[in-house]
Ligand code: NAD
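The structure is reproduced here in structure tokens:
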């Protein structure tokens with residue numbers, strides 16, 4: 015069986031303790047490779063490599079750094095097919111989705127920050143007749159990047175690319191559930207001419223390898239994407255060490271549909287925003303609020319579309335949904351469907367596991383599920399499920415829907431469907447979310463601030479926000 019290796023100091027090496035974890039293929043439920051079960055010794059090795067590399071990388075001209083990063087973007091693009099197949103096999107998502115979204119976005123992440131850094135400038139503030147301030151922005155040093163399993167390479171590179179562009183050395187840990195494309199990325203890095211030790215990719219459990227990154231005194235900043243509970247733990251550990259922290263956490267996003275919307279466009283996008291990537295996108299709209307005038311019409315049309323979504327193995331080109339990422343996650347999502355029933359909810363579409371023929375008969379497949387009849391305040395409508403499950407709730411007024419939309423502890427994103435301009439702006443202003451899409455969903459401009467409020471996180475990624483996070487500002491004043 016294939017054994018993945020850590021990528022430390024430009025070399026592929028085994029974990030020091032010689033221990034490995036099983037890597038499952040969600041489509042079949044079978045173990046297909048082994049992942050290093052790294053611990054603090056491997057992290058220490060990576061830190062030593064990064065320490066040596068930092069003076070070289072941080073002092074390299076920005077143009078040369080940019081050139082190397084562009085080669086990495088091209089290197090991923092040149093191996094598109096390998097990356098697509100690996101991502102889909104590791105995660106269970108349809109290959110089509112990995113080809114259209116995940117891997118092209120990883121290419122864009124490197125491309126965007128490789129070119130962005132060429133235009134990154136710091137400020138100068140003149141004090142008339144007194145003197146002038148200028149601010150420099152230097153790389154922080156060694157930083158830690160920890161990412162989740164839902165968009166594996168997409169989110170891994172979304173952190174690594176700005177960290178590297180800003181001149182830092184990186185210790186990165188992909189999710190132990192989906193390590194494969196990060197492993198392939200190491201191969202691309204090796205061919206790109208990036209000095210050894212600049213990017214170190216260490217595999218393993220969060221509570222072991224991840225924790226060792228967070229606790230290491232030489233890691234000066236942590237960029238983390240994952241669950242709110244994990245974020246809370248990381249903040250508790252890192253805050254007393256005065257580390258810079260960027261936390262992108264969970265969500266329970268409202269999708270608010272007014273009866274004056276463009277119904278057909280809304281319907282097509284709402285199917286996407288509910289079930290893309292098996293509903294395992296932090297930005298999916300899992301609570302659908304529909305104004306009462308079109309509630310029945312919407313329900314009928316939506317359920318018809320949802321029932322037609324084909325759940326199949328990831329390499330099936332006609333698959334609209336693939337497998338969920340793991341058995342424990344499948345069980346968690348099913349337990350929420352049971353909870354919803356016990357809370358008085360009625361399953362009006364899906365709700366059941368899907369059993370495909372061999373060799374996929376042990377895979378983690380679940381129908382796209384729609385539930386109605388629940389109170390906005392019940393657990394099903396307050397807790398993150400992170401799977402192909404949405405709830406429908408009718409509403410009458412703007413005030414009522416705002417109250418329900420803002421009632422959760424989360425505040426990541428929101429989607430609004432209305433053709434009333436004033437209402438669109440009014441609602442966007444009032445809603446508790448870091449990102450609002452009006453008459454659209456998941457349209458991304460990499461220059462814009464990305465992140466959530468409340469329990470959805472601290473800080474923003476993207477554009478200058480990311481480059482500012484990964485640099486330390488120093489202000490210098492000179493008297494005239
Ligand atoms: P998770 O928190 O279990 O794991 C995320 C990463 O953190 C993994 O690499 C894991 O190994 C590591 N980790 C776990 N415990 C750790 C610890 N004690 N110290 C250091 N690292 C640790 O999350 P997950 O299940 O992989 O991902 C799903 C969650 O991610 C959902 O809640 C989802 O909403 C969230 N998410 C948020 C965004 C966003 O942009 N806000 C994007 C994608 C996913």
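In my numbering, the protein residues as written are 15 to 494. All residues carry an ideal CB built from backbone N, CA and C; glycine is no exception.
Practice item. Could you check if residue 435 is buried or exposed, using at least 16 other CB atoms within 10 Å of its CB as the buried criterion? Key: exposed
Review point. Between the region 414–427 and the region 297–316, do at least 3 Cβ pairs fall closer than 8 Å?
Key: yes
Practice item. With a floor of 4 residues, list each alpha helix (DSSP H) that falls wholly inside the region 72–144, ordered by position along the chain. Key: Complete alpha helix (DSSP H) runs here, min 4: 76–92, 94–105, 117–130.
Practice item. Quick one: using the 10 Å Cβ neighbour count with 16 as the cut-off for buried, is residue 404 buried or exposed? Key: buried
Review point. Heavy atom of the ligand NAD less than 7 Å from the Cβ of residue 219, yes or no?
Key: yes
Check your understanding: Taking C-beta to C-beta, are residue 121 and residue 112 nearer than 8 Å?
Key -> no
Review point. Does the Cβ of residue 237 lie closer than 7 Å to at least one heavy atom of the ligand NAD?
Key: no
Check your understanding: Can the beta-carbon of residue 157 be found less than 8 Å from the beta-carbon of residue 177?
Key -> yes
Point to revise | Segment limits, alpha helix (DSSP H) that includes residue 440 | key: 435–444
Point to revise | Option in 459, 486, 467, 472 with minimal Cα separation from residue 127 | key: Closest by alpha carbon: 459.
Review point. Contact between the region 476–485 and the region 150–164: three or more CB pairs below 8 Å?
Key: yes
Point to revise | Closer than 7 Å: residue 216 CB and nearest the ligand NAD heavy atom | key: no
Exercise for review: Look up residue 478 in the DSSP assignment and say whether it is helix, strand or coil.
Suggested key: For residue 478, the secondary structure class from DSSP, reduced to helix, strand or coil, is helix.
**Study point:** First and last residue of the uninterrupted alpha helix (DSSP H) at residue 200
**Key:** 194–206
Exercise for review: Take residue 208 and list the residues in its own chain whose beta-carbon comes closer than 6 Å to its own, dropping the five residues that flank it on each side.
Suggested key: 82
**Study point:** DSSP-derived helix/strand/coil call for residue 498
**Key:** Residue 498 is absent from the structure shown; the chain starts at 15 and stops at 494.
Review point. So does residue 161 have its beta carbon nearer than 7 Å to some heavy atom of the ligand NAD?
Key: yes
Check your understanding: For the alpha helix (DSSP H) that contains residue 309, what are its first and last residues?
Key -> Per DSSP, the unbroken alpha helix (DSSP H) holding residue 309 starts and ends at 306–321.
Exercise for review: On a CA-only basis, which of 466, 388, 392, 461 is nearest residue 424? Give me that one, please.
Suggested key: 466
Practice item. Look at the alpha carbon of residue 172 and the alpha carbon of residue 271, and state the distance between them as a whole number of angstroms. Key: 31 Å
Check your understanding: Of the residues 481, 489, 89, which one's Cα is nearest the Cα of residue 133?
Key -> 481
Review point. Which residue's Cα is closest to the Cα of residue 71: 48, 38, 213?
Key: 213
Exercise for review: Could you please give the first and the last residue of the uninterrupted beta strand (DSSP E) stretch that includes residue 158?
Suggested key: 156–160
Exercise for review: For residue 396, name the three-state secondary structure that DSSP assigns.
Suggested key: helix
Practice item. Along the beta strand (DSSP E) that carries residue 463, what are the first and last residues, could you check? Key: Counting along the chain, residue 463 falls outside any beta strand (DSSP E), and DSSP gives it neither H nor E.
**Study point:** Rounded C-alpha distance that separates residue 438 from residue 472
**Key:** Each residue's Cα considered, the two are about 26 Å apart.
Check your understanding: Taking 7 Å as the cut-off, is the CB of residue 168 close to at least one heavy atom of the ligand NAD?
Key -> In this structure, the C-beta of residue 168 stays at least 7 Å away from each heavy atom of the ligand NAD.
Point to revise | For residue 36, the first and last residue of its enclosing beta strand (DSSP E) | key: Run containing residue 36: 34–39, per the beta strand (DSSP E) assignment.
Check your understanding: Rounded to a whole number of angstroms, what is the C-alpha to C-alpha distance between residue 61 and residue 160?
Key -> Cα to Cα, the separation comes out at about 15 Å.
Point to revise | the region 36–43 contacting the region 331–349, beta-carbon criterion three pairs below 8 Å | key: yes
**Study point:** Beta carbon of residue 21 nearer than 8 Å to that of residue 174
**Key:** no
Practice item. Please report how far the alpha carbon of residue 307 lies from the alpha carbon of residue 102, in whole angstroms. Key: 41 Å
Review point. Do the region 255–268 and the region 368–377 touch if we need at least three Cβ pairs shorter than 8 Å?
Key: Between the region 255–268 and the region 368–377 there are fewer than three inter-stretch CB-CB distances shorter than 8 Å, so the stretches are not counted as touching.
Check your understanding: What did DSSP end up calling residue 494 once you bin it into helix, strand or coil?
Key -> coil
Point to revise | the region 364–371 in contact with the region 389–397 per 3-pair CB rule at 8 Å | key: no
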